[in-house]
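Okay, so here's the structure we're looking at.
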Amino acid sequence: TRRIGILTSGGDCAGLNATIRAVALRAHHGHGWTTVGVRYGTLGLLERPVEAVPLDPDRLSAALARQGGTFLGSTNRGDPFAFPMPDGSRKDRSGEMVEGLKQLGLEGLIGVGGDGSLAILRKLLAPSGIPFVGIPKTIDNDVGHTERAVGYSTAVAIATEALDRLQPTGTSHERTMVLEVMGRDAGHIAIAAAIAGGADVVLIPEVRWRLENVVAHIGRLRAVGRTSALVVVAEAAGQSDEAADPSADAPEHGVGDWLAKRLARATGAEARATVLGHVQRGAMPTAEDRLLASALGVRAVDLLAEGKGDHMVAWWNRQVIDVPLSKVVGRSRTVDPDGTLIRTARALGICLGDAV
Ligand code: F6P
2 TRRIGILTSG
12 GDCAGLNATI
22 RAVALRAHHG
32 HGWTTVGVRY
42 GTLGLLERPV
52 EAVPLDPDRL
62 SAALARQGGT
72 FLGSTNRGDP
82 FAFPMPDGSR
92 KDRSGEMVEG
102 LKQLGLEGLI
112 GVGGDGSLAI
122 LRKLLAPSGI
132 PFVGIPKTID
142 NDVGHTERAV
152 GYSTAVAIAT
162 EALDRLQPTG
172 TSHERTMVLE
182 VMGRDAGHIA
192 IAAAIAGGAD
202 VVLIPEVRWR
212 LENVVAHIGR
222 LRAVGRTSAL
232 VVVAEAAGQS
242 DEAADPSADA
252 PEHGVGDWLA
262 KRLARATGAE
272 ARATVLGHVQ
282 RGAMPTAEDR
292 LLASALGVRA
302 VDLLAEGKGD
312 HMVAWWNRQV
322 IDVPLSKVVG
332 RSRTVDPDGT
342 LIRTARALGI
352 CLGDAV
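Mapping of the sequence shown onto full-length UniProt numbering: residues 2 to 357, in sequence order.
Pasting the structure below:
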């Protein structure tokens, strides 16, 4: 019987356990294969014996699919080509990792990861002859050539719920409530949550915004009797501020706190910042994430069966498709400035900070 492996790599998110389960069930019931779960992403491949567990399909209950995190563990410290050594140096340990895969007797590997992890795993597996298929996951939703990555839906739901909770306290105290959401380089979570959660302002790295435009917008709201405001800011939004306005020189980190202080000063209204952080990664996956995880997991196994390595499974136009990994790596997908979400936000009167 054929043995395939699965590992989760990079930051965790909701829906990883559902993905692992779908892979193991499909491999067993669809193809009669055994699935081995590699622990701690690529780190597990350095241990001898390799840190891996056979995944018994009878023990992968539906309850597992409901749980956040990844029961295999994950890491973003395991770059095979520049592995951090205790003395602070970096070492190429890719050969050891491939050797680890071979020791497991794997005839195919499925890697669940974001843009960076998929690129690294592809490079690691290419010379080994072990077919590799990627499954996109990241709350940031910025993997290229897929409309959805596992974990995004749940993160948006959590950010939206945070806005639902901030709104009553903001109104009660007549405050501007700033919510900083995750997204290392992209504003997908921010724009979606801003629309769903009824924000007044959303600042994302894809749109060049100016503090003065935000201040003016809040001023206009106050002029028509609004006494509080909800502001969503993507953690990366500070990277795109207008250099032309030095007073609005937002920091690369801590943009939420920075913004709340500036808005309080400029508008005269009290402001408070909430940094949502890893709360966005830790929940039970939404129904949508469980569905996506299941559909992508099943198709990833079938791709290996069809001999189609070096591909990523993706969600496009309401179905699962497969894309060559060469098209995906290094081409992350940011929020389309002319796309539906931005157009919707503007139509609802949400200020993106680029115009008064
Ligand atoms: O890529 C997922 C993500 O949660 C980003 O949104 C965030 O910038 C980053 O990971 C946080 O990484 P860490 O868990 O290492 O703090």
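Where is the CB? At the ideal position from N, CA and C, for every residue including glycine.
Every value quoted in this text rests on a predicted model; they were computed, and no experiment measured them.
Q: Could you tell me the distance, in whole angstroms, from the CA atom of H174 to the CA atom of A265?
A: If I take the Cα positions, the gap works out to 13 Å.
**Q.** Ordered list of beta strand (DSSP E) runs contained in the region 148 to 231, each at least 3 residues
**A.** Counting only runs of at least 3 residues, the region 148 to 231 fully encloses the following beta strand (DSSP E) elements, listed from N- to C-terminal order: 177 to 182, 202 to 204.
**Q.** the region 319 to 336 touching the region 154 to 163, judged by at least three CB pairs closer than 8 Å
**A.** Contact fails: fewer than three Cβ-Cβ distances are below 8 Å.
Q) From this set, S10, V151, G106, which residue's C-alpha is nearest G130's C-alpha? A) Looking at the Cα atoms, G106 is the closest of the given residues.
Q. If we call anything under 8 Å between Cβ atoms a contact, is G115 one with D80?
A. Cβ atoms of G115 and D80: not closer than 8 Å.
Q: Within the same chain, show all residues whose beta-carbon is closer than 8 Å to that of R347, passing over the 5 residues directly before and after it, in chain order.
A: Same-chain partners within the cutoff: L353.
Q. Between the beta-carbon of I205 and the beta-carbon of A235, is there less than 8 Å?
A. The beta carbons of I205 and A235 sit closer together than 8 Å.
Q. Rounded to a whole number of angstroms, what is the C-alpha to C-alpha distance between G148 and R227?
A. The amino acid occupying residue 148 in the given sequence is Glu; Gly does not appear at that position. Their backbone Cα atoms lie some 36 Å apart in a straight line.
Q: Starting from the Cα of E162, find the closest Cα among V151, D201, A194 and give me that residue.
A: Closest by C-alpha distance to E162, out of V151, D201, A194, is A194.
Q) Any idea which residues DSSP pairs M313 with across the strands? A) Answer is G135, V324.
Q: Return the bridge partner residues of R4 from the DSSP annotation.
A: R4 is bridged to T35.
Q.
Looking at T76: is its Cβ nearer than 8 Å to the Cβ of G42?
A. For the pair T76 and G42, the CB atoms are nearer than the 8 Å cut-off.
Q: Have a look at the DSSP bridge pairing and note the partners of P55.
A: As DSSP reads the structure, P55 sits in a beta bridge with V37.
Q) Does the Cβ of D337 have 16 or more other Cβ atoms within 10 Å, making it buried, or fewer, making it exposed? A) The residue is exposed, with fewer than 16 neighbouring Cβ atoms inside 10 Å.
Q: Enumerate in chain order the residues of its own chain whose CB-to-CB distance from R263 is below 7 Å, with the five nearest sequence positions on each side excluded.
A: Within the same chain, R263 has close Cβ partners L212.
**Q.** Classification of N214 by the beta-carbon crowding that lies within 10 angstroms, buried from 16 upward
**A.** The residue in question, N214, is buried, as its Cβ has 16 or more Cβ neighbours within 10 Å.
Q) What whole-angstrom Cβ distance do K103 and G16 have, given they're in contact under 8 Å? A) That pair is no contact at about 30 Å.
Q: With DSSP as the reference, label D13 as helix, strand or coil.
A: If DSSP states are grouped into helix, strand and coil, D13 belongs with coil.
Q: Determine, using beta carbons only, whether I7 and L305 come nearer to each other than 8 Å.
A: Not in contact: I7 and L305 (Cβ atoms no closer than 8 Å).
(Q) At a threshold of 7 Å, does T139 count as lining the ligand F6P (C-beta to nearest heavy atom)? (A) The beta carbon of T139 sits closer than 7 Å to at least one heavy atom of the ligand F6P.
Q: Just grab the DSSP bridge partners of P85 for me.
A: As DSSP reads the structure, P85 sits in a beta bridge with R91.
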